[in-house]
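Asks:
2 protein chains.
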Amino acid sequence: MTDPLVSWNDGVAKQAILDFVANVTTPNRPSFVPPGDRIAVFDNDGTLWVEQPLYVQAFFVFDRVQQLAPQYPEWQTQEPFASVLKGDLKSAMAGGESALLELVMATHAGMTTDEFAAIAKDWLSTAKHPTLRRPYPELVYQPMLELLAYLQAHDFKNFIVSGGGVEFMRACTEQIYGVPPEQVIGSSNKTQYEWRDGKPVILRLPELYFFNDKAGKPAAIQHYIGRRPLAAFGNSDGDLQMLQWTTAGSGASLGMIVRHTDGDREFAYDQGSMSSLKQALVDAEKEGWVIVDMKRDWKQVFPFEQ
Amino acid sequence: MTDPLVSWNDGVAKQAILDFVANVTTPNRPSFVPPGDRIAVFDNDGTLWVEQPLYVQAFFVFDRVQQLAPQYPEWQTQEPFASVLKGDLKSAMAGGESALLELVMATHAGMTTDEFAAIAKDWLSTAKHPTLRRPYPELVYQPMLELLAYLQAHDFKNFIVSGGGVEFMRACTEQIYGVPPEQVIGSSNKTQYEWRDGKPVILRLPELYFFNDKAGKPAAIQHYIGRRPLAAFGNSDGDLQMLQWTTAGSGASLGMIVRHTDGDREFAYDQGSMSSLKQALVDAEKEGWVIVDMKRDWKQVFPFEQ
Chain D
0 MTDPLVSWND
10 GVAKQAILDF
20 VANVTTPNRP
30 SFVPPGDRIA
40 VFDNDGTLWV
50 EQPLYVQAFF
60 VFDRVQQLAP
70 QYPEWQTQEP
80 FASVLKGDLK
90 SAMAGGESAL
100 LELVMATHAG
110 MTTDEFAAIA
120 KDWLSTAKHP
130 TLRRPYPELV
140 YQPMLELLAY
150 LQAHDFKNFI
160 VSGGGVEFMR
170 ACTEQIYGVP
180 PEQVIGSSNK
190 TQYEWRDGKP
200 VILRLPELYF
210 FNDKAGKPAA
220 IQHYIGRRPL
230 AAFGNSDGDL
240 QMLQWTTAGS
250 GASLGMIVRH
260 TDGDREFAYD
270 QGSMSSLKQA
280 LVDAEKEGWV
290 IVDMKRDWKQ
300 VFPFEQ
Chain U
0 MTDPLVSWND
10 GVAKQAILDF
20 VANVTTPNRP
30 SFVPPGDRIA
40 VFDNDGTLWV
50 EQPLYVQAFF
60 VFDRVQQLAP
70 QYPEWQTQEP
80 FASVLKGDLK
90 SAMAGGESAL
100 LELVMATHAG
110 MTTDEFAAIA
120 KDWLSTAKHP
130 TLRRPYPELV
140 YQPMLELLAY
150 LQAHDFKNFI
160 VSGGGVEFMR
170 ACTEQIYGVP
180 PEQVIGSSNK
190 TQYEWRDGKP
200 VILRLPELYF
210 FNDKAGKPAA
220 IQHYIGRRPL
230 AAFGNSDGDL
240 QMLQWTTAGS
250 GASLGMIVRH
260 TDGDREFAYD
270 QGSMSSLKQA
280 LVDAEKEGWV
290 IVDMKRDWKQ
300 VFPFEQ
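Chains D and U, in that order, give the protein sequences. With numbering that gives the first Met the number 0, the residue at position 52 of the first sequence is 51, and numbering never jumps. With numbering that gives the first Met the number 0, the residue at position 126 of the second sequence is 125, and numbering never jumps.
1) Could you name the residues of chain U that A68/D contacts, counting a contact when the two beta carbons are closer than 7 Å?
2) With the cut-off set at 8 Å, would you say V60/U and V103/U are in Cβ contact?
3) Of all Cβ atoms in chain U, is any one closer than 8 Å to the Cβ of S314/D?
4) Are any of the Cβ atoms in chain D nearer than 8 Å to that of P217/U?
5) Anything in chain D within Cβ reach of E181/U, meaning under 9 Å, just list it in chain order.
6) When you compare only the Cα positions, how much space is there between Q70/D and V64/D?
7) Report the neighbours of P199/D on chain U: residues whose CB is nearer than 8 Å to its CB, in chain order.
8) State the beta-bridge partners of R203/D as determined by DSSP.
9) Would you list the residues sitting across from L253/U in a DSSP beta bridge?
10) For A231/D, return the contacting residues in chain U, with the cut-off set at a CB-CB distance below 7 Å.
11) Report yes if the C-beta distance between Q240/U and K213/U is below 8 Å; otherwise report no.
12) May I ask you to verify whether the segment 217-232 of chain U touches the segment 188-197 of chain U, counting CB pairs closer than 8 Å and requiring at least 3?
13) For G94/D versus V257/D, is the C-beta distance shorter than 8 Å?
14) By the criterion of Cβ-Cβ separation under 8 Å, what are the contact partners of T112/D in chain U?
15) As a quick exercise: from K285/U, G262/U, D292/U, K13/U, pick the residue whose alpha carbon is nearest that of T130/U.
16) Against G35/U, what residues of chain D qualify as contacts under a CB-to-CB distance less than 7 Å, listed in chain order?
17) Would you kindly report the start and end of the unbroken beta strand (DSSP E) that includes A170/U?
18) So, does the CB of Y192/D fall closer than 8 Å to a CB anywhere in chain U?
19) S187/D touches chain U at which residues, Cβ-Cβ below 9 Å?
20) Specify the secondary structure class of K298/D as computed by DSSP and reduced to three states.
21) When you measure from the CB of G237/U to every non-hydrogen atom of the ligand GTP, does any distance come out below 7 Å?
22) Using only the alpha-carbon positions, how far apart do K156/U and P3/U sit?
23) List the residues of chain D whose Cβ lies closer than 7 Å to the Cβ of R195/U, in chain order.
24) Within 8 Å of any Cβ in chain U, is that where the Cβ of A214/D sits?
25) Name, please, each residue of chain U whose Cβ falls closer than 8 Å to the Cβ of R169/D.
26) Can you tell which of P72/U, D87/U, V55/U, T111/U has its C-alpha closest to the C-alpha of V200/U?
27) Can W7/U and W288/U be called in contact, C-beta distance under 8 Å?
28) Hey, G185/D and L147/D are a contact pair by Cβ (cut 8 Å); roughly how many whole angstroms apart?
29) I need the boundaries of the alpha helix (DSSP H) containing A119/D, first residue and last residue.
30) Pull up the distance between the alpha-carbon of M92/D and that of P79/D, whole angstroms please.
31) Are the segment 20-37 of chain D and the segment 162-176 of chain D touching by the rule of at least three beta carbon pairs closer than 8 Å?
32) For the beta strand (DSSP E) containing K277/U, name the first residue and the last one.
33) Quick check: what's the CA-CA separation for F210/U versus K89/U?
34) Counting along the chain, where does the alpha helix (DSSP H) carrying K89/U start and finish?
35) Go ahead and pull the three-state DSSP assignment for P52/D.
36) Is it the case that the Cβ atoms of H259/D and A267/D are separated by a distance below 8 Å?
Here's what the structure looks like:
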């Protein structure tokens, strides 16, 4: 039999996946779970694709600001837009979460959902990562693609549960992960149904509807999926509650944390500032969550490596 | 070949379903849609199961008020609770939507999601319809069960898109319709993730999060499913926008409206007051939506009929 996880080195992490899947899919084991009930949830940024030096969606925001700037002359002097237009992302981010939200709303609203999907798809197919010099959809982790496919082949429904914008992610998640739009849960804008030129449209409003992070993740899992997952994969404290909720069920479960330890092949920022990973690591041992150390556990990081 | 829609009389409605499914599932037809993209959306109350003399969930609310009353002595004199406790549902409903919302919040919040699921399941398995004298899960429409199964057999994903409470519906939708929890979209309470006795729980708060009706339905379809359905089934003006959105796509689509015309086998309240059906009927002709006349089109209404 071919190894379904060929990019994983033998070790605790790979074995934990194989054991877990055997436990829930082998009939007559007490840990067996019927196919329809097999749900797995995945964080996206830093778990399935790169999040360094910034979230992919942040680069999308900055490019959109550049693109829209001619329509908004006031942005030349108004923060955080002025810093973005000067290419000074550090200053742009100095305003923290509220500055980021302002940038997102200015660039992700005012168009229909169909128009936004086209904008996001176009950007994702053309924009390139600043240092890796490849389109972002190529910057996914090969071992995680194998894991997604392995679970799907064993009748799991894979869901993405990410802080990223749901419609931004949907512009590429089916293509790159094989996860259909209805299995993508993310942050969202408010929307409004209305008529334009004799056709119904759904308009994106410049107002946050739901921010899918931390304690919002298990609440969203219950709200959108309606049952507890068997497996959860994350890489930061933003995934802590999702890991807790997933592994607090009565049956077999798997919680996994990806650690970014490989500065040669990817980025070494373990416990770093992009998305803090502290409490989840502290809890991992007592909760039995399995650590994936990229440097140690992954034979190959990106699909394009030889 | 056995007739997949055996409880449907031959006629325009049945033929429209068969033609639509042939059009989107026959390879090489220009109207062909790949299996993964086949989404169908169904209203629940009055489309898949009875909604007369009141919504099923309203009976659940009233029974819950009776059950909880000993803990709330003030309800004996406080409306709308006092009228419910006297069995005077007409007076209880006199306060309109805000009275109903108050009743729902008083009976659907303050417990964990797991506790609520158990309460709803217990009620659904024991409570009986006031005139039909059967548990509500038996009061589903046999022709619609056949339609759900027929679409599913042709690789459609069926979603319920209803104004009913999502967690109330999920307590029975998999069992009665074969629709898993993650394919049920409804109205919802706000929730909160927290710890109780060393375990994480999701607490239901007494506050409306989303009301899934009218223009909210297409917005919810985009939000939860992320793509336009091919087929929509409803029975009231609450489904008007969902029908519009579904059939405004560029490819083949099917919009259907169930009319309650059969006072002998079910309830005759076509265009009646429970859930008004006026504008959707006016628009049906120009939009090409197909009318299902229960009296004319359904050979059998309920599964228990001989």
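For glycine and all other residues, C-beta sits at the position ideal for the given N, C-alpha and C.
Replies: Reading from the atomic positions:
1) Here the premise fails: no neighbours, minimum Cβ distance about 29 Å.
2) yes
3) Nothing can be reported for residue 314/D, as the shown portion of chain D is limited to 0 through 305.
4) yes
5) I38, K156, F158, E181, Q182, Y223, I224, G225, R226
6) 10 Å
7) P217, Q240, Q243, W244, A247
8) T190/D
9) A230/U
10) The premise fails here: A231/D is roughly 12 Å from chain U at the closest Cβ pair, so nothing lies under 7 Å.
11) yes
12) no
13) no
14) Q221
15) G262/U
16) P179
17) From DSSP, A170/U is part of no beta strand (DSSP E); its letter is neither H nor E.
18) yes
19) H222
20) coil
21) The ligand GTP is not part of the structure shown, which contains no ligands of any sort.
22) 17 Å
23) Neighbours of R195/U on chain D: none; closest Cβ ~11 Å, over 7 Å.
24) yes
25) G225
26) T111/U
27) no
28) 17 Å between Cβ atoms; not a contact.
29) 112-125
30) 7 Å
31) no
32) Run containing K277/U: none; DSSP gives neither H nor E here.
33) 23 Å
34) 88-91
35) coil
36) yes
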